[in-house]
Amino acid sequence: MTGLDFLTRREREVVDWLPQGKTNWAIGQILGCSEETVKKHLQRAYRKLGVETRMEAANLLRSAASAL
Numbered sequence: 421m422t423g424l425d426f427l428t429r430r431e432r433e434v435v436d437w438l439p440q441g442k443t444n445w446a447i448g449q450i451l452g453c454s455e456e457t458v459k460k461h462l463q464r465a466y467r468k469l470g471v472e473t474r475m476e477a478a479n480l481l482r483s484a485a486s487a488l
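Going by the working numbering, the first residue of the sequence shown is number 421, and it counts up by one from there.
Have a look at this one:
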């Protein structure tokens, strides 16, 4: 378990691009969805992760990855 298993598969796919500095538009292009859809997935993921910004989420993901 990664500690982030409470995110849906799509939320995880979206937030996994944050540490690489991808924009919502770029993530949408990569995953084949709209920028607005990416935004909604991020809003739900932020709430579940207990963060408010993409930087906080990216840092949390980096910490989780280094703990493995």
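Ideal Cβ placement from N, Cα and C applies to all residues, glycine included.
- The Cβ atoms of Leu480 and Leu462 lie no closer than 8 Å to each other.
- Per DSSP, reduced to three states, the secondary structure at Val434 is helical.
- With a 10 Å radius around the Cβ and a threshold of 16 neighbouring Cβ atoms, Arg482 comes out exposed.
- In terms of Cβ geometry, Gly448 and Val435 do not form a close pair [threshold 8 Å].
- In the three-state reduction of the DSSP assignment, Ser454 falls in the coil class, being assigned neither a helical nor a strand state.
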